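The structure appears below as structure tokens.
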Amino acid sequence: MKGIALLLIPIVLTGCIQRRIVVTSDPPGAIVWLNDTEIGRTPAETAFTYYGRYDVRLELPGYQSLHTSRRTRAPFHEYPGPDLVATVIPHRFSTVIEWHFELEPFPESVVDAAEFERGVIDRARALRAQTEEGK
Numbered sequence: 065m066k067g068i069a070l071l072l073i074p075i076v077l078t079g080c081i082q083r084r085i086v087v088t089s090d091p092p093g094a095i096v097w098l099n100d101t102e103i104g105r106t107p108a109e110t111a112f113t114y115y116g117r118y119d120v121r122l123e124l125p126g127y128q129s130l131h132t133s134r135r136t137r138a139p140f141h142e143y144p145g146p147d148l149v150a151t152v153i154p155h156r157f158s159t160v161i162e163w164h165f166e167l168e169p170f171p172e173s174v175v176d177a178a179e180f181e182r183g184v185i186d187r188a189r190a191l192r193a194q195t196e197e198g199k
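Going left to right, the sequence shown walks through residues 65 to 199 as my numbering numbers them.
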């Protein structure tokens, strides 16, 4: 009977591994997508299963959309071999990956509308002059 109890102890007292990605932005409130799956508005948090590269997209009205990729790296207790021990010992392993992004406002939201329009017209005239010189 004691032998069976000793065999059941590792099964009952198994460890737990939690993996989370936390995405924040300045300003907060941006919609976040990881690998084309919406996870919410910043600050956003989600569980993940695999380490590797993630495509990240943030969108917020009045700010330029941000498209980038970030990589997650496994801690030592998640490497093949140590991960078997980590899941058996009665300890909760928690991995939190934190990413912060600075969103850039649209140029027209930084300057007044008339100044922005003048800038666009000036750039268009300069481009026209460059193309006419090339003919």
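Even glycine gets a Cβ: it sits at the ideal position worked out from N, Cα and C. Keep in mind that this is a model prediction, so the values were computed, not measured.
According to the DSSP assignment, T195 belongs to the alpha helix (DSSP H) that extends over A177 to E197. The alpha-carbon of P154 is positioned some 24 Å away from that of T110. Counting only residues of its own chain and dropping the five nearest sequence neighbours on each side, F112 has a CB closer than 6 Å to the CB of R83 and I85.
Short of 8 Å from the beta carbon of W163, and not among the five residues preceding or following it, lie these beta carbons of its own chain, in chain order: I85, V86, V87, T88, V120 and R134.
By the 16-neighbour rule on beta-carbons within 10 angstroms, A193 is exposed.
Residues of the same chain with a CB within less than 8 Å of the CB of P169, apart from the 5 flanking positions on each side, are G126, Y127 and Q128 in chain order. Around the Cβ of T106, a 10 Å sphere holds 16 or more other Cβ atoms; the residue is buried. In this structure, the alpha-carbon of Y114 lies about 38 Å from that of P171. In the DSSP assignment, the residues bridged to P169 are Y127. Counting of Cβ neighbours within 10 angstroms places A188 among the exposed residues, the total staying below 16.
In the three-state DSSP reduction, F112 falls in the coil class, being neither helix nor strand. One thing to note: L167 has its Cβ within 8 Å of the Cβ of L124. The beta carbon of H131 sits closer than 6 Å to the beta carbons of R121 from its chain, once the five residues preceding and following it are set aside; these are given in chain order.
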